[in-house]
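At position 330 of the sequence shown the residue is numbered 426 (my numbering), and the sequence of numbers has no breaks. By construction, the Cβ of each residue, glycine as well, lies at the ideal position given by its N, Cα and C atoms. The next block holds one structure in the form of structure tokens; read it before the comments.
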Amino acid sequence: MAGIYVHIPFCARRCIYCGFFSTVREKEAARYVNALCAELRQRKDYLNLPVTTVYFGGGTPSRLSPEQIGQVIECIGTEYGLENLQELTVECNPDDVTSDYVSALRALGVNRISMGVQTFNDDLLRFLGRRHTARQAIDAVQSCHDAGIHNISIDLMYGLPGQTLAIQQQDLETATGLNVSHISSYCLSYEEGSPLERMRSENRIVPADDDTCAAMYDSMCNHLRGAGFEHYEISNFCLPGCQSRHNSSYWDGTPYLGIGAGAHSYNTISRQWNPNDLDTYMSGIEQSTLHPESELLTPTDRYNERIMLTLRTAQGLNLSTLTPATRTKLLTAAAPYLSAGTLIRTTTHLHLSEKAFFISDAIISSLFI
Ligand code: SF4
């Protein structure tokens, strides 16, 4: 089993909080898609496993036409085979979505849409620099249903400046009223170099304080649980059986090939990453001179990554996969958290409590060797 991630870096304009690699140079899209196909051919040896998931992320993949997305899917089929494909996701921005657009994606085999909504409050959407309104987000989800794609995820954010608990509650109620199967919800972070971070450092906005963010986290967990969602990863909730298979493969150590500028790959031995620059990426691929940067993983790296990734999930780490000596060491480091109830040990696994997901970074890093 393996996954392919395809990075589409184009955005119509930049949101003020964005920390992803993205560019507004959309005129380069046709050349970029050709480079993606060339990279798929050039790196064919990286994965020698059946491809079960494909994920178009960004940036904004819905800035590509269905024909351009189809060109990449066809290349994946030719070079890697799609016989074992279980999930094909395309991230979309609500204002790119029409019934025709989603129907065309469905005809290409796309069976999951991930929609960047963030909030259903129009004032906050404007503040964040998002291109869509709440109405457009609601209509976009309906267009997916109308086109026959019912495996829909939406992204939400909380801890936004000016967002009250009541506004967040409205977001949650609207989200769970849309018949979606998956919700990803992130606390706003202030990314270095972003306009939002500059506004904070110049005291032009009032960030949500820690207590407000913690209260929003609790209210989100309670609301989504009440609506039948399982909290299966720190930031991800789904209806039973509707986990993101592609993203789950990141947490369970499944190999994946990342194609495109800035994309990362992992094959259990090394991690590789492409340059975060459109021109360097495209000309490198065109001249067959692009060599992704690479890091060989030591046994310590592999152990720490496993702790970090598995403890992000509700299931946690399977203790029987550790040697007795390593298990003893881990459980000794975990003892204070087990006493405090932030870590929980079952007969087979070690996992974080739902409350501790919110403060997971400090706990997880203290378990590293
Ligand atoms: S749409 Fe996404 S990737 Fe593009 S600027 Fe906004 S947050 Fe960044």
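Beta-carbon spacing of L415, T444 below 8 Å: The count along the sequence shown starts at 1 and reaches residue 415 at position 319. The count along the sequence shown starts at 1 and reaches residue 444 at position 348. Going by C-beta atoms, L415 is nearer than 8 Å to T444.
Extent of the continuous beta strand (DSSP E) run through V193: Position 97 of the sequence shown, counting from 1, holds the residue named residue 193. Note, V193: premise wrong, no beta strand (DSSP E); not H, not E.
Short Cβ contact (8 Å threshold) for I112 with G212: Indexing the sequence shown from 1 puts residue 112 at position 16. Indexing the sequence shown from 1 puts residue 212 at position 116. No, these two residues do not count as a Cβ contact at 8 Å.
For V57, the three-state DSSP class (helix, strand or coil): Nothing about residue 57 can be reported from this structure: the residues present for the chain run from 97 to 465 only.
Contact check, L229 vs L256, beta carbons under 8 Å: If you number the sequence shown from 1, residue 229 lands on position 133. If you number the sequence shown from 1, residue 256 lands on position 160. For the record, residue 229 in the displayed sequence is Thr; it is not Leu. No; because the gap between Cβ atoms is not below 8 Å, this pair is not in contact.
When L221, M316, L178, L274 are compared against Y282, the one with the closest alpha-carbon: Taking the first residue of the sequence shown as position 1, residue 282 is located at position 186. Of L221, M316, L178, L274, the smallest CA-CA separation from Y282 is found for M316.
C114 - DSSP class collapsed to helix/strand/coil: Position 18 of the sequence shown, counted from the first residue, corresponds to residue 114. Shown here, C114 sits in coil according to DSSP, grouped into three states, outside any helix or strand.
Chain-order list of residues whose beta-carbon lies under 7 Å from that of G166 (same chain, five-residue window excluded): By 1-based counting over the sequence shown, the position of residue 166 is 70. When the five nearest sequence neighbours on each side are left out, the beta carbons in the same chain lying within less than 7 Å of the beta carbon of G166 are those of L204, in order along the chain.
Local Cβ density within 10 Å of V302, reported as buried at 16 or more and exposed below that: Counted from its first residue, the sequence shown places residue 302 at position 206. Result: exposed.
The region 286-297 contacting the region 339-359, beta-carbon criterion three pairs below 8 Å: No contact exists between the region 286-297 and the region 339-359.
Beta carbon of V186 nearer than 8 Å to that of P157: Indexing the sequence shown from 1 puts residue 186 at position 90. Indexing the sequence shown from 1 puts residue 157 at position 61. Closer than 8 Å, so yes.
Reference L274, options R296, M295, C240, closest by Cα: Sequence index remark: in the sequence shown, residue 274 carries index 178 (1-based). For L274, the closest C-alpha among the options R296, M295, C240 is that of C240.
Nearest-angstrom Cα separation, counted from L335 out to G244: If you number the sequence shown from 1, residue 244 lands on position 148. If you number the sequence shown from 1, residue 335 lands on position 239. Rounded to whole angstroms, G244 to L335 spans 18 Å at the Cα level.
Within 8 Å, strictly: CB atoms of A410 and E329: Numbered from its first residue, the sequence shown carries residue 410 at position 314. Numbered from its first residue, the sequence shown carries residue 329 at position 233. In this structure, E329 lies closer than 8 Å to A410 by Cβ.
Simplified DSSP state of D307, which is helix, strand or coil: Taking the sequence shown and counting its residues from 1, the one referred to as residue 307 is at position 211. For D307, the secondary structure class from DSSP, reduced to helix, strand or coil, is helix.
Candidates L407, N363, I403, H319, of which the one nearest E391 by Cα: The sequence position of residue 391 within the sequence shown is 295, counting from 1. For the residues L407, N363, I403, H319, the minimum Cα distance to E391 belongs to N363.
First and last residue of the uninterrupted beta strand (DSSP E) at I455: One-based indexing of the sequence shown puts residue 455 at position 359. Boundaries for I455: no beta strand (DSSP E) harbours it, and the DSSP string shows neither H nor E there.
Pair within 8 Å by beta-carbon distance, Y399 and I465: Counting from 1 along the sequence shown, the entry for residue 399 is found at position 303. Counting from 1 along the sequence shown, the entry for residue 465 is found at position 369. In this structure, the beta-carbon distance from Y399 to I465 falls below 8 Å.
Boundaries (first-last residue) of the alpha helix (DSSP H) holding D219: Stepping through the sequence shown from its first residue, residue 219 is reached at position 123. Start and end: 218-224.
Any non-hydrogen atom of the ligand SF4 closer than 7 Å to S379 Cβ: Walking along the sequence shown from the start, residue 379 turns up at place 283. For the ligand SF4, not one heavy atom lies less than 7 Å from the Cβ of S379.
Proximity of R175 and R127 at Cβ, strictly below 8 Å: For the purposes of this step, residue 175 is taken as the residue at position 79 of the sequence shown. For the purposes of this step, residue 127 is taken as the residue at position 31 of the sequence shown. A quick correction: the sequence has Glu, not Arg, at residue 175. Their beta carbons are not under 8 Å apart, which means E175 does not touch R127 by this criterion.
Start and end residues, alpha helix (DSSP H) containing Y399: Position 303 of the sequence shown, counting from 1, holds the residue named residue 399. Going by DSSP, Y399 is part of the alpha helix (DSSP H) stretching over 395-406.
DSSP beta-bridge partners of W369: For this step, residue 369 is matched to residue 273 along the sequence shown. Looking at the DSSP assignment, W369 forms a beta bridge with H360, E389.
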